[in-house]
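Number of protein chains: 2
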Amino acid sequence: MTDDAADDGLRLTRSALAAESPLTSDDALESWLRERAVAHDFDVTLSALSELDGWFFEPEYGDLVHRSGRFFSIEGLRVNVGESGWDQPIINQPETGILGILVKEFDGVLHCLMQAKMEPGNVNVIQLSPTVQATHSNYTGVHGGQPTPYVEYFRAPRPGRVLVDTLQSEQGSWFLRKRNRNIVVETTEDVPEHEDYRWLTLGQVLRLLTVDNAVNMDARTVLSCMPFAAPPESEAEDGYRAALRRSIDHSPGRHSTQEVLGLLTEQRVLQRHVQRRIPLGQVAGWDCSDMEITHEDGRYFRIVGAHVKAANREVGRWSQPLLEPRGPEVSAFLTKEFDGVLHLLARARTEAGSLAGAELAPTVQCSPGDRRGLPSPPYLEEVLAATGDRVRYDSTQSEEGGRFYHAQNRYLIVEAGEDTPADAPDGFLWITVGQAMDLLKHGNYLNVQARSLIAALHTTW
Amino acid sequence: MTDDAADDGLRLTRSALAAESPLTSDDALESWLRERAVAHDFDVTLSALSELDGWFFEPEYGDLVHRSGRFFSIEGLRVNVGESGWDQPIINQPETGILGILVKEFDGVLHCLMQAKMEPGNVNVIQLSPTVQATHSNYTGVHGGQPTPYVEYFRAPRPGRVLVDTLQSEQGSWFLRKRNRNIVVETTEDVPEHEDYRWLTLGQVLRLLTVDNAVNMDARTVLSCMPFAAPPESEAEDGYRAALRRSIDHSPGRHSTQEVLGLLTEQRVLQRHVQRRIPLGQVAGWDCSDMEITHEDGRYFRIVGAHVKAANREVGRWSQPLLEPRGPEVSAFLTKEFDGVLHLLARARTEAGSLAGAELAPTVQCSPGDRRGLPSPPYLEEVLAATGDRVRYDSTQSEEGGRFYHAQNRYLIVEAGEDTPADAPDGFLWITVGQAMDLLKHGNYLNVQARSLIAALHTTW
Numbered sequence: 001m002t003d004d005a006a007d008d009g010l011r012l013t014r015s016a017l018a019a020e021s022p023l024t025s026d027d028a029l030e031s032w033l034r035e036r037a038v039a040h041d042f043d044v045t046l047s048a049l050s051e052l053d054g055w056f057f058e059p060e061y062g063d064l065v066h067r068s069g070r071f072f073s074i075e076g077l078r079v080n081v082g083e084s085g086w087d088q089p090i091i092n093q094p095e096t097g098i099l100g101i102l103v104k105e106f107d108g109v110l111h112c113l114m115q116a117k118m119e120p121g122n123v124n125v126i127q128l129s130p131t132v133q134a135t136h137s138n139y140t141g142v143h144g145g146q147p148t149p150y151v152e153y154f155r156a157p158r159p160g161r162v163l164v165d166t167l168q169s170e171q172g173s174w175f176l177r178k179r180n181r182n183i184v185v186e187t188t189e190d191v192p193e194h195e196d197y198r199w200l201t202l203g204q205v206l207r208l209l210t211v212d213n214a215v216n217m218d219a220r221t222v223l224s225c226m227p228f229a230a231p232p233e234s235e236a237e238d239g240y241r242a243a244l245r246r247s248i249d250h251s252p253g254r255h256s257t258q259e260v261l262g263l264l265t266e267q268r269v270l271q272r273h274v275q276r277r278i279p280l281g282q283v284a285g286w287d288c289s290d291m292e293i294t295h296e297d298g299r300y301f302r303i304v305g306a307h308v309k310a311a312n313r314e315v316g317r318w319s320q321p322l323l324e325p326r327g328p329e330v331s332a333f334l335t336k337e338f339d340g341v342l343h344l345l346a347r348a349r350t351e352a353g354s355l356a357g358a359e360l361a362p363t364v365q366c367s368p369g370d371r372r373g374l375p376s377p378p379y380l381e382e383v384l385a386a387t388g389d390r391v392r393y394d395s396t397q398s399e400e401g402g403r404f405y406h407a408q409n410r411y412l413i414v415e416a417g418e419d420t421p422a423d424a425p426d427g428f429l430w431i432t433v434g435q436a437m438d439l440l441k442h443g444n445y446l447n448v449q450a451r452s453l454i455a456a457l458h459t460t461w
Numbered sequence: 001m002t003d004d005a006a007d008d009g010l011r012l013t014r015s016a017l018a019a020e021s022p023l024t025s026d027d028a029l030e031s032w033l034r035e036r037a038v039a040h041d042f043d044v045t046l047s048a049l050s051e052l053d054g055w056f057f058e059p060e061y062g063d064l065v066h067r068s069g070r071f072f073s074i075e076g077l078r079v080n081v082g083e084s085g086w087d088q089p090i091i092n093q094p095e096t097g098i099l100g101i102l103v104k105e106f107d108g109v110l111h112c113l114m115q116a117k118m119e120p121g122n123v124n125v126i127q128l129s130p131t132v133q134a135t136h137s138n139y140t141g142v143h144g145g146q147p148t149p150y151v152e153y154f155r156a157p158r159p160g161r162v163l164v165d166t167l168q169s170e171q172g173s174w175f176l177r178k179r180n181r182n183i184v185v186e187t188t189e190d191v192p193e194h195e196d197y198r199w200l201t202l203g204q205v206l207r208l209l210t211v212d213n214a215v216n217m218d219a220r221t222v223l224s225c226m227p228f229a230a231p232p233e234s235e236a237e238d239g240y241r242a243a244l245r246r247s248i249d250h251s252p253g254r255h256s257t258q259e260v261l262g263l264l265t266e267q268r269v270l271q272r273h274v275q276r277r278i279p280l281g282q283v284a285g286w287d288c289s290d291m292e293i294t295h296e297d298g299r300y301f302r303i304v305g306a307h308v309k310a311a312n313r314e315v316g317r318w319s320q321p322l323l324e325p326r327g328p329e330v331s332a333f334l335t336k337e338f339d340g341v342l343h344l345l346a347r348a349r350t351e352a353g354s355l356a357g358a359e360l361a362p363t364v365q366c367s368p369g370d371r372r373g374l375p376s377p378p379y380l381e382e383v384l385a386a387t388g389d390r391v392r393y394d395s396t397q398s399e400e401g402g403r404f405y406h407a408q409n410r411y412l413i414v415e416a417g418e419d420t421p422a423d424a425p426d427g428f429l430w431i432t433v434g435q436a437m438d439l440l441k442h443g444n445y446l447n448v449q450a451r452s453l454i455a456a457l458h459t460t461w
């Protein structure tokens, strides 16, 4: 680690531990959030797919596409993972968007310029978002809309210093090989604060992360990539906090990083992954109609249409398909101390749309509704049965409201019980938080659910 | 770096510097190579694609496929990279093969178990290959052939200690998203030495790497992933060698590793990469006949058929398509010292079949024949004009003879002239050898041509 990187980690940690911002008091933050929710006059109406302006099923493959040939499309995919195989619809958006947080020091404390952003699929009006959250079509003006504020800080040649810059995956079960650019840039310039934007400390952002549906997925994934240093030792800290400190601080874990990479390579080979594009109309087990695209047994998700009217977006009114999951997912990391160092139990998981094969996912990641009639996945019951202090984080968070409709998942961080075996079963792996943070310098190692939980972990100090 | 990793680096370096093996003298090595070339009774005859046993153009997409549905296929691809776009045929082999080298200490010196292997596309009979070089179909016996010797050392649960285990890309211009597992395993067991295999020091292997077409591509890529330590300081060393030592030793370079990763992310976004499978018959600019698949202007490559008869392979006789490049490629790294540390000028390069977008490629990577009528790419003339001591490596090496027919490329490592600007143009980047080796712990950062040159760099000590 260079000195600069170590210094960045300490400054991020100081900001995360900050009591209150000198710029935006907690009271001011609350009233701003309430006020923006009211100001965002918007309206979402679900509709038949055939009624979406500009969208149609193209004749050759039956894909649901936009007449511009841009944005995204709904396509058919035939997937094999190891010995399993299935067909499904999938969102193909071969664009790399920007998820960028601008940071700046005020009174010696780093602040993040966060946005109150409305997305059509949100269960609530607005959620806290990165400074810039824009697809390539957005920020290059394909929509013909207003320019994306602050995007100049994230496109080369940019003023400021880059703290994080990496392409990270998004939901592999719903997106085909999707990646977005997670980027954090520090500026020393004067930056105007538009009405939808506020400078907040990381402490303020992390406190909101313990509230349901307040910080959006895009902000959570960027937070997860930030190279926090270990918080200072405190006299009052319990064993969990001491173990977390050592884990963030790169104390040696059960496996060397070389072993972690080797075990993931092993799983990428074992979970042999083959993707084949097929016509949407030939996707076995799914019905594709003018109304919606839906699974025969009502599992997994459906694709519906939405008409959106919004005042504070680049474009004021538009139509688009949205993916509506059938039920909430549970994503949970079990934690355990080994030699006084906190470890997370990660699972190598290959999803339909994965770009590079298996990524490290939470211990549990499943939608219980989709699994009716099937045995519970490992550790689900242990996670749901945990009570009291063992539950370090338990919150419902939303997935990307620009593509998903009312996608709310429950996220948990739970200390494993005394009798949870130290030996990880095949495909599972105990890693330290420091190792997870090192892997997050690269893309396609931790999936987006695992990254939401890494961000959440920083609320458990 | 853990102590184990540092120790591995030193042991690899000691083996690379070893004068002669206590097991296999240089004379014995030479006579073994001559003897194996004679013993390998094999014969390759080119043929029309329509005459290949078991291969046919399937009616739906026009892909050239095998009747088993396994092995590989030739498909059509429509590609966009930034503002450019083109169609081309591409090899799709959605399998991860094993390129594995078994190592063992004899008299305190690490030895590699290397294979004398015949491949149908080789210009010569045999080349030095990894202990195991096998596709998934090979080593799981889909061919119905003989078992792959030594494969048990590379499949879990394996005896021995893993030194390297990573999925690396292969030719992105010819393969669709191809990766092979590059793996090095150390054993302390007694290992029988079959007649096609010999224990060699890395010094012996590297000396063969200065000979044309002696060490195959698969061996070169595994060698490039080995975590060598810096060789010891010697009194006689010149400035180049001293700078190389510091570079391998992770002396700070012009850019931090965070900056290197950020610059590559930037290029991955700028070189926006979209791949779309299209029917082989619709590939613009290419002719697809019963005889061959060929470019209208005779550029790039053609796909031809081959009948193969070989005594020492899992299967003794078979037919397959091979890709024959039209002309040799030149791949070269320019090097330059900054503050006494050797740097390589890498270029971020997106190829048709790239899995994750741009990878770091050599300074120059081009096929002059394909570029007739076009301006020379940057640095080509400087590389070809260099003479004397500035040329640190200059050798013709073969690409994978299992898929490519007579694919011989010229590889060079050349010290930049005094007047080569220190500032890298857009898309180029000065990196240290230590940084390249750190990146090689991960896949899809250095392309296969760059990796061949990293292996070659270890011959320039």
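Sequence lines, in order, name chains X and R. Those letters in the first sequence? Residues 1 to 461, by full-length UniProt numbering. Those letters in the second sequence? Residues 1 to 461, by full-length UniProt numbering. Each residue gets a CB set at the ideal place from its N, CA and C atoms; glycine is no exception.
Sub-9 Å separation of residue i and residue j beta-carbons
{"i": "GLY121 of chain X", "j": "ALA407 of chain X", "result": "yes"}
{"i": "LEU64 of chain X", "j": "ARG276 of chain X", "result": "no"}
{"i": "LEU110 of chain X", "j": "ALA306 of chain X", "result": "no"}
{"i": "VAL205 of chain R", "j": "MET118 of chain R", "result": "no"}
{"i": "LEU99 of chain X", "j": "ASN213 of chain X", "result": "no"}
{"i": "GLN258 of chain R", "j": "ASP438 of chain X", "result": "no"}
{"i": "TRP461 of chain X", "j": "PRO231 of chain X", "result": "yes"}
{"i": "TRP430 of chain R", "j": "ARG254 of chain R", "result": "yes"}
For residue i, the residue or residues it bridges with in DSSP
{"i": "GLN115 of chain R", "result": "R:SER129, R:TYR197"}
{"i": "PRO325 of chain X", "result": "X:PHE301"}
{"i": "GLY76 of chain X", "result": "X:PRO89, X:ILE278"}
{"i": "TYR445 of chain R", "result": "According to DSSP, which records beta bridges pairwise, TYR445 of chain R is partnered with nothing at all."}
Contacting residues, own chain, Cβ-Cβ under 7 Å from residue i (five flanking each side not counted)
{"i": "ALA243 of chain R", "result": "GLU337, GLY340, VAL341, LEU342"}
{"i": "MET1 of chain X", "result": "With a pLDDT of 45 at MET1 of chain X, under the threshold of 50, the modelled position of that residue is not reliable, and the figure given next carries that caveat. Closer than 7 Å at the Cβ level, and outside the excluded window around MET1 of chain X, lies no residue."}
{"i": "PHE72 of chain R", "result": "ILE91, ASN92, GLN93"}
{"i": "ARG177 of chain R", "result": "GLY353, LEU355"}
Where residue i falls, given that 16 or more other Cβ within 10 Å makes a residue buried
{"i": "ARG268 of chain X", "result": "buried"}
{"i": "HIS136 of chain X", "result": "buried"}
{"i": "TYR445 of chain X", "result": "buried"}
{"i": "ASN124 of chain X", "result": "exposed"}
{"i": "SER395 of chain X", "result": "buried"}
{"i": "ALA156 of chain R", "result": "exposed"}
{"i": "SER25 of chain R", "result": "exposed"}
{"i": "GLU170 of chain X", "result": "buried"}
{"i": "GLU415 of chain R", "result": "buried"}
{"i": "ALA346 of chain R", "result": "buried"}
{"i": "GLY373 of chain X", "result": "exposed"}
{"i": "PRO321 of chain R", "result": "buried"}
{"i": "ARG14 of chain X", "result": "buried"}
{"i": "PHE56 of chain R", "result": "exposed"}
{"i": "ASP218 of chain X", "result": "buried"}
Chain-order list of residues whose beta-carbon lies under 8 Å from that of residue i (same chain, five-residue window excluded)
{"i": "ASP290 of chain X", "result": "ALA48, LEU49, SER50"}
Residue-chain proximity (residue i, chain B), Cβ-Cβ < 9 Å
{"i": "THR131 of chain R", "result": "The structure shown has no chain B; the protein chains it does contain are X and R."}
Own chain residues within Cβ distance below 6 Å of residue i, not counting five before or after
{"i": "SER224 of chain R", "result": "ARG451, ILE454, ALA455"}
{"i": "ILE278 of chain X", "result": "GLY76, ARG78"}
{"i": "VAL162 of chain R", "result": "VAL185"}
Report the residues of the stretch 436-447 of chain X with a CB closer than 8 Å to any CB of chain R, ordered along the chain.
LYS441, HIS442, GLY443, ASN444
If contact means a Cβ-Cβ distance below 9 Å, which residues of the stretch 238-263 of chain X contact chain R?
PRO252, SER256, THR257, GLN258, GLU259, LEU261, GLY262, LEU263
Proximal residues, the stretch 346-372 of chain X versus chain R, C-beta separation under 7 Å
LEU355, ALA356
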